[in-house]
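Residue numbers (our numbering), protein chains in the order written: chain A, 343 to 761; chain B, 343 to 761.
Heads up: the structure comes next, in structure tokens.
Number of protein chains: 2
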Amino acid sequence: MRKDRDMNKLVGNAVVGQSGGPTAAINATLAGVIRGVKDTNNHDGAIGKLYGMRNGVEGLIKENLIDLTERFANDGDIDILESTPAAALGSCRKKLPKPADDPEFFENLIAIFKKYDIRYFFYIGGNDSMDTVAKLSEYTKMCDYEMRIIGVPKTIDNDLVVTDHTPGFGSAAKYIATTMQEIIRDCAVYTTKAVTIVEIMGRDAGWLTASSAIGRVVNGVAPNLVYLPERKFSLEAFFEDVKKELEKQPNVVVAVSEGLQFEDGTYVGEGTQSGAVDIFGHKYLSGTGKALEMAVKNEIGCKVRSVELNISQRCAAHIASATDIDESVMVGKSAVRAAADGVTRAMMTILRADGEEYCSYIGSSDVSKIANQTKHVDDAFINERGNNVTDECCKYLLPLIAGERDIKYENGLPIHIIL
Amino acid sequence: MRKDRDMNKLVGNAVVGQSGGPTAAINATLAGVIRGVKDTNNHDGAIGKLYGMRNGVEGLIKENLIDLTERFANDGDIDILESTPAAALGSCRKKLPKPADDPEFFENLIAIFKKYDIRYFFYIGGNDSMDTVAKLSEYTKMCDYEMRIIGVPKTIDNDLVVTDHTPGFGSAAKYIATTMQEIIRDCAVYTTKAVTIVEIMGRDAGWLTASSAIGRVVNGVAPNLVYLPERKFSLEAFFEDVKKELEKQPNVVVAVSEGLQFEDGTYVGEGTQSGAVDIFGHKYLSGTGKALEMAVKNEIGCKVRSVELNISQRCAAHIASATDIDESVMVGKSAVRAAADGVTRAMMTILRADGEEYCSYIGSSDVSKIANQTKHVDDAFINERGNNVTDECCKYLLPLIAGERDIKYENGLPIHIIL
Numbered sequence: 343m344r345k346d347r348d349m350n351k352l353v354g355n356a357v358v359g360q361s362g363g364p365t366a367a368i369n370a371t372l373a374g375v376i377r378g379v380k381d382t383n384n385h386d387g388a389i390g391k392l393y394g395m396r397n398g399v400e401g402l403i404k405e406n407l408i409d410l411t412e413r414f415a416n417d418g419d420i421d422i423l424e425s426t427p428a429a430a431l432g433s434c435r436k437k438l439p440k441p442a443d444d445p446e447f448f449e450n451l452i453a454i455f456k457k458y459d460i461r462y463f464f465y466i467g468g469n470d471s472m473d474t475v476a477k478l479s480e481y482t483k484m485c486d487y488e489m490r491i492i493g494v495p496k497t498i499d500n501d502l503v504v505t506d507h508t509p510g511f512g513s514a515a516k517y518i519a520t521t522m523q524e525i526i527r528d529c530a531v532y533t534t535k536a537v538t539i540v541e542i543m544g545r546d547a548g549w550l551t552a553s554s555a556i557g558r559v560v561n562g563v564a565p566n567l568v569y570l571p572e573r574k575f576s577l578e579a580f581f582e583d584v585k586k587e588l589e590k591q592p593n594v595v596v597a598v599s600e601g602l603q604f605e606d607g608t609y610v611g612e613g614t615q616s617g618a619v620d621i622f623g624h625k626y627l628s629g630t631g632k633a634l635e636m637a638v639k640n641e642i643g644c645k646v647r648s649v650e651l652n653i654s655q656r657c658a659a660h661i662a663s664a665t666d667i668d669e670s671v672m673v674g675k676s677a678v679r680a681a682a683d684g685v686t687r688a689m690m691t692i693l694r695a696d697g698e699e700y701c702s703y704i705g706s707s708d709v710s711k712i713a714n715q716t717k718h719v720d721d722a723f724i725n726e727r728g729n730n731v732t733d734e735c736c737k738y739l740l741p742l743i744a745g746e747r748d749i750k751y752e753n754g755l756p757i758h759i760i761l
Numbered sequence: 343m344r345k346d347r348d349m350n351k352l353v354g355n356a357v358v359g360q361s362g363g364p365t366a367a368i369n370a371t372l373a374g375v376i377r378g379v380k381d382t383n384n385h386d387g388a389i390g391k392l393y394g395m396r397n398g399v400e401g402l403i404k405e406n407l408i409d410l411t412e413r414f415a416n417d418g419d420i421d422i423l424e425s426t427p428a429a430a431l432g433s434c435r436k437k438l439p440k441p442a443d444d445p446e447f448f449e450n451l452i453a454i455f456k457k458y459d460i461r462y463f464f465y466i467g468g469n470d471s472m473d474t475v476a477k478l479s480e481y482t483k484m485c486d487y488e489m490r491i492i493g494v495p496k497t498i499d500n501d502l503v504v505t506d507h508t509p510g511f512g513s514a515a516k517y518i519a520t521t522m523q524e525i526i527r528d529c530a531v532y533t534t535k536a537v538t539i540v541e542i543m544g545r546d547a548g549w550l551t552a553s554s555a556i557g558r559v560v561n562g563v564a565p566n567l568v569y570l571p572e573r574k575f576s577l578e579a580f581f582e583d584v585k586k587e588l589e590k591q592p593n594v595v596v597a598v599s600e601g602l603q604f605e606d607g608t609y610v611g612e613g614t615q616s617g618a619v620d621i622f623g624h625k626y627l628s629g630t631g632k633a634l635e636m637a638v639k640n641e642i643g644c645k646v647r648s649v650e651l652n653i654s655q656r657c658a659a660h661i662a663s664a665t666d667i668d669e670s671v672m673v674g675k676s677a678v679r680a681a682a683d684g685v686t687r688a689m690m691t692i693l694r695a696d697g698e699e700y701c702s703y704i705g706s707s708d709v710s711k712i713a714n715q716t717k718h719v720d721d722a723f724i725n726e727r728g729n730n731v732t733d734e735c736c737k738y739l740l741p742l743i744a745g746e747r748d749i750k751y752e753n754g755l756p757i758h759i760i761l
């Protein structure tokens, strides 16, 4: 038996993987796991080596593993990993089968765990990753292979329940809030009437789009209109809003979520699908911003353009939020500490302490409480007209973008770790 | 007569304006002019006050002026101005009439100059601004109103002749090169075949698109394919290139200039204009990236997406090149020094010294030598196949993105000056 005199002590190696879409902070959490394992090495010695699975469980099955203990012997490399965007171990979108449906799959996994003496499993990812954590927990318990299995959330969308916010969100929000400040400066230079529509990620929840308005409580600079997917979108109300704003100033800046839907549930961005074809004969799918650009051009006739912030929202590590990166490291580190202390079948969470001053701490929750739920932007955070967020919303988001990292550059470019 | 015992000394006030599209460095040049005037105040006292025209000559005509000497009494504010993107004074796209066609327009200007005792005129802008400098020089000479008139170039496109490179280009290039590093990390996380097409600004010249490849000579990370407008674009050759790259690695990243043209001169981005209409019944104009995304989807069938870097290329001051900002300040400062020393009807230039180590110095040139010419990317900087840039090109561009500014933040957002 692997247990020491200390009832909770489980001696063995650990494996960590990354899954789902990349963020600017998912490697910070990996760095936290590496730091956490180093700590236990020096502390109670429960965990030996840390392996990294390449491309998540896909790599694990193929024994495509990297010895992270060896690779990150140098702490300087861990610092750089914290500022490297996207999943350094590679990612996958694989959903595990149910143990009852494919026992062979799980038997193979257990054989690999035994071969490498792996007793700790850390998985950094989104909803699907938490599903992997749950299924693996179920199977290892069933077959009596003692293992500590912990999920660490990451998503720029900030739409997970239980946790106050998600690792990766603060950096995406900082990128969006900063870029919005710059776009508003850019738009302000001419005196001719113009509308600029900025499309922001977030299919189901409007947290990222809401972040575009944070500047309002810092320096008064924010988009004139902000539309979240939490409210059905009406083209008539939108035109009315834009016209009213154009009367107040020549330059109107509008933030829209990619997930805006009309009353009947169709996406605003689906508009141009219906019948439009390009020279190659394909149906054309525009984005929400582009569809609204065309709508404004037709209805109002002024100068109008759309800007899609696109994947920089999830990979602009050079403007990461120090708060987000610090918390992302901490959540990875805490996962290791919790596992060493006996926690399993859990997802780590970030909680916000009560009080005026922002203060967060790390917790953990039963992984099954998280799956398949979406945390929407609170009603109190959206104004009555549904065309902006409230100051309360901006103040809630503000601490999550606080602080800048000391990014290391070489010849003018940020230094990244490639594994 | 305004001349002192020193033959070249002309005593009077100065006015400065900004014109054309914004950049991340156009305010750095304004800051340079402000610093330059402060220097002459302390030095020979030739220049008194510095006025700023709001929205370029449009504001000058309406006497919409701001006393910059008073506004920037505090040097700390000038530092922040250097890191503020877009034209803080506002911009315009006004082209002056020919003096012979509209003498009244120029008489009004002279009356305003006399009213404010303005003897120095600094105009920061693109080709049209140099045209303004030329016409005003012509008229003031004709009517014997002694004045020193100097243009300071700015364009992210880097397509002006005579100057080695243009203020604003280095910061745009640094944003593009950095974002490309991050996008490539983002694209590398999955193992499924995917093509990512990144559309970069530059209608006529490919300097910005070329900048996306700079990483190759720093860390070996660069887009697999790079297409500049200097070469005609062939869809067949493009498909062949992409297929070949997909054999080598699952993730292929392609940088394309917005200005790509087919052999017959039509823009690649014009493709979807022909006949395609959206649900609102409008003709649809996609970008170059989107058009190629659809082409690849149809021809190759793998996962494909396009990313348009859009206006952040010209306003992402938070990742400005320190070299660019320093040079942009220096060129503004030098314009004032040159004018005080007797130079007029000139455009300031940045010249590159010979030698291994990068070293630049400021010069000036007859303004008429610049207008209506485009500096294309050198033949030697493009590979034979026309699907990438050479290492020589990357090495030429590399020093222009060197160094990072110490950006001041408040509550997680960069601090900008609003005038």
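Just so it is clear, CB atoms sit at the ideal spot from N, CA and C, and this is done for glycine as well.
Worksheet item: Thinking C-alpha only, which one of A/Asn753, A/Leu438, A/Ala366 is nearest B/Gly562?
Response: The residue you call residue 562 of chain B lines up with position 220 of the second sequence. With distances taken between Cα atoms, B/Gly562 lies closest to A/Asn753.
Discussion item. Quick check: the stretch 566–573 of chain B against the stretch 537–547 of chain B, are at least 3 beta-carbon pairs closer than 8 Å?
Written reply: Between the stretch 537–547 of chain B and the stretch 566–573 of chain B there are three or more inter-stretch CB-CB distances shorter than 8 Å, so the stretches are counted as touching.
Item to complete: Answer yes if the stretch 413–429 of chain B comes into contact with the stretch 713–723 of chain B, meaning at least three C-beta pairs across the two stretches below 8 Å, and no otherwise.
Response: Counting Cβ pairs under 8 Å, fewer than three are found: no touch.
Worksheet item: A/Phe464 and A/Val504: beta carbons closer than 8 Å?
Response: Position 122 of the first sequence holds residue 464 of chain A. Position 162 of the first sequence holds residue 504 of chain A. No, they are not a contact pair.
Fill in: Option nearest B/Val540 by Cα separation, candidates B/Lys586, B/Glu600, B/Val559, B/Glu488
To locate residue 540 of chain B, count along the second sequence from 1; it is residue 198. If we check each option's Cα against that of B/Val540, B/Glu600 comes out closest.
Discussion item. Using only the alpha-carbon positions, how far apart do B/Ala530 and A/Gly401 sit?
Written reply: Counted from its first residue, the second sequence places residue 530 of chain B at position 188. Counted from its first residue, the first sequence places residue 401 of chain A at position 59. Cα to Cα, the separation comes out at about 15 Å.
Item to complete: Check distances from the C-beta atoms of the stretch 418–443 of chain B to those of chain A and list, in chain order, the residues that come in under 9 Å.
Response: Look at the stretch 418–443 of chain B: the residues with a C-beta under 9 Å from a C-beta of chain A are Thr426, Pro427, Ala428, Ala429, Ala430, Leu431, Gly432, Ser433, Cys434, Arg435.
Discussion item. For A/Phe604, list the residues DSSP reports as bridge partners.
Written reply: One-based indexing of the first sequence puts residue 604 of chain A at position 262. Bridge pairing for A/Phe604: A/Phe575 [DSSP].
Item to complete: Answer yes or no: does any C-beta atom of chain B fall closer than 8 Å to that of A/Thr520?
Response: Along the first sequence, read from residue 1 onward, the residue named residue 520 of chain A stands at position 178. Chain B, which has a Cβ nearer than 8 Å to the Cβ of A/Thr520, makes this yes.
Worksheet item: For a contact meaning CB atoms closer than 9 Å, what does B/Glu650 contact in chain A?
Response: If you number the second sequence from 1, residue 650 of chain B lands on position 308. Those are Val649, Glu650, Asn652, listed as they occur along chain A.
Discussion item. Which residue marks the beginning of the beta strand (DSSP E) containing B/Thr691, and which one marks its end?
Written reply: Taking the first residue of the second sequence as position 1, residue 691 of chain B is located at position 349. From DSSP, the beta strand (DSSP E) with B/Thr691 extends over 688–694.
Discussion item. Is there a Cβ of chain A sitting closer than 8 Å to that of B/Cys736, yes or no?
Written reply: As a working note, residue 736 of chain B is residue 394 in the second sequence. Put simply, the CB of B/Cys736 is far from chain A, with every gap to its CB atoms at 8 Å or more.
Worksheet item: When the Cβ atoms of the stretch 352–365 of chain A are set against those of the stretch 445–463 of chain A, are three or more pairs found closer than 8 Å?
Response: Contact between the stretch 352–365 of chain A and the stretch 445–463 of chain A is present, because at least three Cβ pairs lie under 8 Å.
Item to complete: Consider the Cβ of A/Asn397: report whether some Cβ of chain B lies at a distance smaller than 8 Å.
Response: Mapped onto the first sequence, residue 397 of chain A falls at position 55. Residue-level contact by beta carbon holds for A/Asn397 and chain B, with a gap shorter than 8 Å.
Discussion item. Output needed for B/Met343: all residues of its chain with C-beta closer than 7 Å, excluding positions within five of it in sequence on either side, in chain order.
Written reply: Reading the second sequence from its first residue, position 1 is the one you call residue 343 of chain B. Confidence at B/Met343 is low in this model, with a pLDDT of 43, below 50, so its placement is unreliable and no value can be given for it.
Worksheet entry | Interface residues of chain A facing B/Cys701 [CB-CB closer than 9 Å] | Locating residue 701 of chain B in the second sequence gives position 359, where the first residue counts as 1. Correct list: empty, because the minimum Cβ distance to chain A is about 16 Å.
Worksheet entry | Selection of the stretch 737–758 of chain A by Cβ proximity to chain B, strictly under 9 Å | For the stretch 737–758 of chain A, which is checked against every Cβ of chain B, the residues closer than 9 Å are Leu740, Pro741, Leu742, Ile743, Ala744, Gly745, Glu746, Ile749, Tyr751, Glu752, Asn753, Gly754, Leu755, Pro756, Ile757, His758.
Fill in: For A/Ile491 and A/Pro441, the rounded distance between their alpha carbons
Position 99 of the first sequence, counted from the first residue, corresponds to residue 441 of chain A. Position 149 of the first sequence, counted from the first residue, corresponds to residue 491 of chain A. Near 16 Å, if we compare the C-alpha coordinates of A/Ile491 and A/Pro441.
Worksheet item: Under a CB-based cut-off of 8 Å, is A/Asp620 close to chain B?
Response: In the first sequence, the residue the question calls residue 620 of chain A occupies position 278. Caution is warranted here: a pLDDT of 48 is assigned to A/Asp620, below 50, making its placement in the model unreliable, and the coordinate value is therefore given only provisionally. Yes, because at least one Cβ of chain B sits closer than 8 Å to the Cβ of A/Asp620.
Discussion item. For the beta strand (DSSP E) containing A/Glu726, name the first residue and the last one.
Written reply: Here residue 726 of chain A refers to the residue found at position 384 when the first sequence is read from its first residue. Note, A/Glu726: premise wrong, no beta strand (DSSP E); not H, not E.
Worksheet item: Can you tell which of B/Ala519, B/Glu524, B/Leu392, B/Asn384 has its C-alpha closest to the C-alpha of A/Ala429?
Response: Here residue 429 of chain A corresponds to residue number 87 of the first sequence, with the count starting at 1. Nearest C-alpha to A/Ala429: B/Glu524.
Worksheet item: Name the chain B residues that come within less than 8 Å of A/Leu557, Cβ to Cβ?
Response: One-based indexing of the first sequence puts residue 557 of chain A at position 215. Inspection of the sequence shows that residue 557 of chain A is occupied by Gly rather than by Leu. Within chain B, the residues near A/Gly557 are Leu755.
Worksheet entry | Candidates B/Asp696, B/Ile408, B/Gly705: closest to B/Arg679 by CA position | As a position in the second sequence, residue 679 of chain B is number 337, starting the count at 1. Nearest in C-alpha terms to B/Arg679, of all of B/Asp696, B/Ile408, B/Gly705, is B/Gly705.
Worksheet item: Any idea if A/Cys364 is buried or exposed, counting beta-carbon neighbours within 10 angstroms, 16 or more meaning buried?
Response: Your numbering for residue 364 of chain A matches position 22 in the first sequence. A small correction: the amino acid at residue 364 of chain A is Pro; Cys does not occupy that position in the sequence shown. Per the 10 Å Cβ criterion, buried.
Worksheet entry | Candidates B/Lys436, B/Asp443, B/Asn369, of which the one nearest B/Leu410 by Cα | Within the second sequence, numbered from 1, the residue matching residue 410 of chain B stands at position 68. Nearest to B/Leu410 by C-alpha distance, out of B/Lys436, B/Asp443, B/Asn369, is B/Asn369.
Item to complete: Return the CA-CA distance between B/Val598 and A/Asp443, expressed in angstroms with no decimal places.
Response: Walking along the second sequence from the start, residue 598 of chain B turns up at place 256. Walking along the first sequence from the start, residue 443 of chain A turns up at place 101. Rounded to whole angstroms, B/Val598 to A/Asp443 spans 47 Å at the Cα level.
Discussion item. Is B/Ser663 close to chain A? Criterion is C-beta to C-beta, closer than 8 Å.
Written reply: Counted from its first residue, the second sequence places residue 663 of chain B at position 321. Chain A contact via Cβ: present.
Fill in: Residues that B/Ala658 contacts on chain D, provided the C-beta gap is smaller than 8 Å
In the displayed structure, chain D is absent; the protein chains listed are A and B.
Fill in: Min CB distance A/Val353 to chain B below 8 Å
Within the first sequence, numbered from 1, the residue matching residue 353 of chain A stands at position 11. No, A/Val353 does not count as interfacial toward chain B.
Worksheet item: Buried or exposed: which applies to A/His758, given that a residue is buried once 16 or more other Cβ atoms fall within 10 Å of its Cβ?
Response: As a position in the first sequence, residue 758 of chain A is number 416, starting the count at 1. With a threshold of 16 other beta carbon atoms within 10 Å, A/His758 meets it and is buried.
Worksheet entry | Contacts of A/Lys516 in chain B (Cβ-Cβ under 9 Å) | As a position in the first sequence, residue 516 of chain A is number 174, starting the count at 1. Correct list: Gly754, Leu755.
Worksheet item: By Cβ distance below 7 Å, which residues in the same chain neighbour A/Ser780 in space, the five residues on each side in sequence not counted?
Response: Any answer about residue 780 of chain A is impossible in this case: the structure gives chain A only from 343 up to 761.
Worksheet item: Would you call the stretch 388–405 of chain B and the stretch 692–700 of chain B touching, i.e. three or more CB-CB distances under 8 Å?
Response: Using a Cβ-Cβ distance cut-off of 8 Å, the stretch 388–405 of chain B and the stretch 692–700 of chain B are not in contact, since fewer than three pairs of beta carbons, one from each stretch, lie closer than that value.
Practice prompt. Check the DSSP bridge columns for B/Ser670 and list the partner residues they point to.
Written response: For this step, residue 670 of chain B is matched to residue 328 along the second sequence. Beta-bridge annotation (DSSP): B/Ser670 is not paired with any residue.
Fill in: Interface residues of chain B facing A/Pro364 [CB-CB closer than 8 Å]
Along the first sequence, read from residue 1 onward, the residue named residue 364 of chain A stands at position 22. For A/Pro364, the chain B residues whose Cβ falls inside 8 Å of its Cβ are Arg527, Asp528, Val531, in order along the chain.
Discussion item. At 4 residues or longer, what runs of the alpha helix (DSSP H) sit wholly inside the stretch 360–415 of chain A?
Written reply: If we require 4 residues or more, the alpha helix (DSSP H) runs fully inside the stretch 360–415 of chain A come out as 368–384, 398–403, 410–413.
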